[in-house]
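Numbering (numbering that gives the first Met the number 0), first residue to last: 0 to 253. Beta carbons: idealized from backbone N, C-alpha and C, even for Gly. It should be emphasised that the depicted structure is a prediction, and the values quoted were computed from it without experimental measurement. Down below is the structure, laid out as structure tokens.
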Amino acid sequence: MITKSYFKGRYVVQHQLFEGRPTLVFLHDSLGCVQLWRNFPELLAQATQCNILMYDRLGYGLSAPMEDYIRPVNYMELEALLLDELLTHYQIEQRILFGHSDGGTIALILASLFPGSILLTLAEAAHIFVEPVTLQGVQEAMIAYETTDLAARLQKYHGDKVDTLFKAWTLTWTRPDYRDWNIAYLLVNIQSPLLFIQGADDEYGSLKQVSETINKPKGIAEQFILPGIGHTPHKEAPEKVLAAAAAFINRQLI
Numbered sequence: 000m001i002t003k004s005y006f007k008g009r010y011v012v013q014h015q016l017f018e019g020r021p022t023l024v025f026l027h028d029s030l031g032c033v034q035l036w037r038n039f040p041e042l043l044a045q046a047t048q049c050n051i052l053m054y055d056r057l058g059y060g061l062s063a064p065m066e067d068y069i070r071p072v073n074y075m076e077l078e079a080l081l082l083d084e085l086l087t088h089y090q091i092e093q094r095i096l097f098g099h100s101d102g103g104t105i106a107l108i109l110a111s112l113f114p115g116s117i118l119l120t121l122a123e124a125a126h127i128f129v130e131p132v133t134l135q136g137v138q139e140a141m142i143a144y145e146t147t148d149l150a151a152r153l154q155k156y157h158g159d160k161v162d163t164l165f166k167a168w169t170l171t172w173t174r175p176d177y178r179d180w181n182i183a184y185l186l187v188n189i190q191s192p193l194l195f196i197q198g199a200d201d202e203y204g205s206l207k208q209v210s211e212t213i214n215k216p217k218g219i220a221e222q223f224i225l226p227g228i229g230h231t232p233h234k235e236a237p238e239k240v241l242a243a244a245a246a247f248i249n250r251q252l253i
């Protein structure tokens with residue numbers, strides 16, 4: 000059964016597929032939304048016999064607009080707190096997080112802040128600190144937004160909210176006061192088994208993001224590195240990511 004609803008302006012989609020089984024919680028990237036996950040959530044749910052919850056953060060997809068594009072430095076920490084509130088509202092108790100990019104960061108923060116409430120954490124191309132390659136990637140995206148059809152392609156999914164969300168992403172990450180943002184200190188609190196998925200050629204982050212993450216938790220922390228793959232492994236190498244994610248989840252749930 001598929002249900003669609005709103006929570007504090009956030010568009011929420013749930014697939015109740017397997018009674019009594021955990022829920023895969025999908026957290027989109029800085030330009031993403033529910034629709035842009037395509038069929039990956041359904042494929043992973045079937046491979047693991049899990050349910051699905053996806054949502055659009057405020058200002059994305061079918062959610063309500065952001066009030067302003069100016070974000071506080073700790074905006075992803077605040078998003079993690081909101082996510083815990085959302086999952087509690089929908090009575091999601093068996094939580095498996097799968098987050099991409101900013102969504103991966105939010106997943107790591109949530110697993111750090113509420114370690115006892117998370118079964119498993121899968122972080123794909125997550126950021127835990129700001130790197131020169133990250134800023135270069137953002138600056139190149141800003142150029143592409145002005146010189147290509149990127150804005151029009153994003154508008155298809157975000158409507159007239161697209162300029163605000165793009166500014167929120169790019170102007171936050173390139174602000175001088177954001178250069179010192181770092182969540183590494185939180186990661187020692189993660190108790191749930193963790194899988195970090197990363198493309199070796201990620202245009203927004205180096206493999207240091209991986210190594211500096213998986214050496215922090217006291218429990219199980221694994222990595223899955225894909226040579227020749229960029230920032231979106233689940234789209235660039237869907238079969239490999241699906242197989243690795245499903246194997247990790249199924250192994251940990253035994």
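- Under the 8 angstroms Cβ criterion, the region 207-226 does not count as touching the region 154-167, having fewer than three qualifying pairs.
- For the 7 angstroms CB-CB criterion, H126 and G204 form a contact.
- The shortest C-alpha to C-alpha distance from F195 to any of R9, Q34, L119 and M65 is the one to L119.
- Looking at the DSSP output, Q138 shares a beta bridge with no other residue.
- In the displayed model, L149 falls within a helix according to three-state DSSP.
- For the set Q34, R20 and G19, the Cα lying nearest the Cα of V11 is the one of Q34.
- In the same chain as I224, and ignoring 5 residues on each side of it, the C-beta atoms closer than 6 angstroms to its own belong to Q197 and A199, in chain order.
- Between L23 and A44, the gap from beta carbon to beta carbon is short of 7 angstroms.
- Here the alpha carbon of A124 sits roughly 11 angstroms from the alpha carbon of H27.
- Boundaries of the alpha helix (DSSP H) around H233: P232 to E235.
- By the neighbour-count criterion, in which 16 or more other beta carbons inside 10 Å mark a residue as buried, P40 falls on the buried side.
- R178 and W172 have their alpha carbons spaced roughly 8 angstroms apart.
- Exclusion of the five residues before and after P232 leaves E123, A124, I196, Q197, G198, L225, K239 and V240 as the residues of its chain whose Cβ lies within less than 8 angstroms of its Cβ.
- Inter-residue distance for G136 and K160 is about 22 angstroms (C-alpha atoms, whole angstroms).
- Take T169, set aside five residues on each side of it, and the residues of its chain with a beta-carbon closer than 7 angstroms to its own are V137, A140 and M141, in chain order.
- Looking at the DSSP output, G198 sits in a beta bridge with L225.
- Nearest in C-alpha terms to E92, of all of C49, L30 and I108, is C49.
- The DSSP-derived three-state label of L61 is coil.
- If you draw a straight line from the Cα of P114 to the Cα of Y184, it comes to about 14 angstroms.
- The beta carbon of Q251 is closer than 7 angstroms to those of L119 and P192 in its chain, skipping five residues each way along the sequence.
- Per DSSP, the continuous beta strand (DSSP E) segment holding H14 begins and ends at R9 to H14.
- Considering only R20, Q15 and N73, the residue with the shortest C-alpha distance to M53 is Q15.
- The three-state secondary structure of I108, taken from DSSP, is helix.
- Counting only residues of its own chain and dropping the five nearest sequence neighbours on each side, A167 has a CB closer than 7 angstroms to the CB of G58, M65, Y68 and R70.
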